[in-house]
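Residue 80 in this note's numbering sits at position 97 of the sequence shown; the count goes up by one each step and never skips.
All residues carry an ideal CB built from backbone N, CA and C; glycine is no exception.
Take a look at the structure below.
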Amino acid sequence: MRKLENSELERKTIEAFKESEKTPLILVLDDIRSLHNIGSVFRTADAFLIEKIYLCGITATPPNKEIHKTALGATETVAWEHNDSVLEVIEKLKKENITTLAIEQVESSIFLQDFEVEKEKKYALVFGNEVYGVSQEAVALCDGCIEIPQLGTKHSLNISVSAGIVVWDLFRKLNWPK
């Protein structure tokens, strides 16, 4: 087995990325404090051709050198928009018939492995603050909640890790088997 060189990876140009058909997922980041978490989510969004990221509340926006450290240029490819209110964003997305899902531990949540995507739908995934998670008001507005099962003593994951897990799982379910 030989490790591939960067030149062998067939990376898209920024223009090709923007013209590519996107995965029908939108990410909503609410009150994310860590600039590195924001950058990591951008990089994950680039990897899976995510349609858009909404940066809400205190979540910082590009251009920002600390976001760039982990995004590695993904802020130039992934569409994004800032809004002060996550509630306004959720309401807007719902009016556009986009299914909104909080990623949170709540009563009646659906475990990630049990969540079944409907391939004709578009989904918005709402991720909350590193300490407080998704606000109760945002949870109440969403169409449902997905929970990542956790078996250890810590029942929380870093937001960028959570985003990576959920995005990969939904991307896989949307694309395979075809």
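Worksheet item: Which full runs of the alpha helix (DSSP H) of 4+ residues lie inside the segment -6 to 77, going along the chain?
Response: -3 to 2, 18 to 30, 48 to 54
Practice prompt. Within 10 angstroms of the Cβ of residue 14, are there 16 or more other Cβ atoms? Answer buried if so, exposed if not.
Written response: Along the sequence shown, one-based indexing puts residue 14 at 31. Residue 14 is buried by the Cβ-count criterion.
Item to complete: Determine the closest residue to residue 120 out of 8, 49, 87, with distance taken between C-alpha atoms.
Response: For the purposes of this step, residue 120 is taken as residue 137 along the sequence shown, with counting starting at 1. Closest option to residue 120, Cα to Cα, is 87.
Worksheet item: Can you tell me the Cα-Cα spacing of residue 154 and residue 63, whole angstroms?
Response: Stepping through the sequence shown from its first residue, residue 154 is reached at position 171. Stepping through the sequence shown from its first residue, residue 63 is reached at position 80. Between residue 154 and residue 63, the C-alpha separation is close to 19 Å.
Discussion item. Between 105, 23, 29, 140, which has its C-alpha nearest residue 114's C-alpha?
Written reply: Taking the sequence shown and counting its residues from 1, the one referred to as residue 114 is at position 131. The shortest Cα separation from residue 114 among 105, 23, 29, 140 belongs to 140.
Fill in: Beta-carbon proximity list for residue 166, same chain, < 6 Å, skipping 5 on both sides
The question about residue 166 has no answer here: the residues shown for the chain are numbered -16 through 161.
Practice prompt. Would you give the residue range spanned by the beta strand (DSSP E) that residue 135 belongs to?
Written response: Here residue 135 corresponds to residue number 152 of the sequence shown, with the count starting at 1. No beta strand (DSSP E) holds residue 135; DSSP gives it neither H nor E.
Practice prompt. Would you identify the three-state DSSP class for residue 154, choosing helix, strand or coil?
Written response: Translated into the one-based positions of the sequence shown, residue 154 becomes position 171. Reduced to three states, the DSSP call for residue 154 is helix.
Worksheet entry | Delimiting residues of the alpha helix (DSSP H) encompassing residue 124 | The residue you call residue 124 lines up with position 141 of the sequence shown. Its alpha helix (DSSP H) spans residues 119 to 124.
Discussion item. If I follow the unbroken beta strand (DSSP E) through residue 106, where does it start and stop?
Written reply: Residue numbering aside, residue 106 sits at position 123 when the sequence shown is read from its first letter. Taken as a continuous stretch (DSSP letters only), the beta strand (DSSP E) holding residue 106 covers 106 to 110.
Discussion item. Counting beta carbon pairs with one atom in the segment 17 to 34 and one in the segment 125 to 132, are three or more of them shorter than 8 Å?
Written reply: no
Fill in: Alpha carbon of residue 45 to alpha carbon of residue 35, nearest angstrom
Counting from one through the sequence shown, the residue named residue 45 turns up at place 62. Counting from one through the sequence shown, the residue named residue 35 turns up at place 52. The straight-line gap from Cα to Cα measures roughly 14 Å.
Discussion item. Would residue 9 and residue 95 qualify as a contact pair, given that the criterion is a beta-carbon distance under 8 Å?
Written reply: Locating residue 9 in the sequence shown gives position 26, counting from the first residue. Locating residue 95 in the sequence shown gives position 112, counting from the first residue. For residue 9 and residue 95, no; Cβs fall outside 8 Å.
Discussion item. Once the 5 residues before and after residue 102 are set aside, which same chain residues still bring their CB inside 7 Å of it?
Written reply: Taking the first residue of the sequence shown as position 1, residue 102 is located at position 119. Correct list, in chain order: 157.
Worksheet item: When DSSP labels each residue in this structure, what does residue 130 get in the three-state scheme?
Response: Taking the first residue of the sequence shown as position 1, residue 130 is located at position 147. Strand.
Worksheet item: Looking at residue 39 and residue 61, is the spacing between their C-beta atoms short of 8 Å?
Response: Within the sequence shown, the letter at position 78 stands for residue 61. Within the sequence shown, the letter at position 56 stands for residue 39. The answer is no: Cβ separation not under 8 Å.
Fill in: Exposed unless 16 or more other CB atoms sit within 10 angstroms - verdict on residue -1
The count along the sequence shown starts at 1 and reaches residue -1 at position 16. Answer is exposed; the Cβ neighbour count stays below 16.
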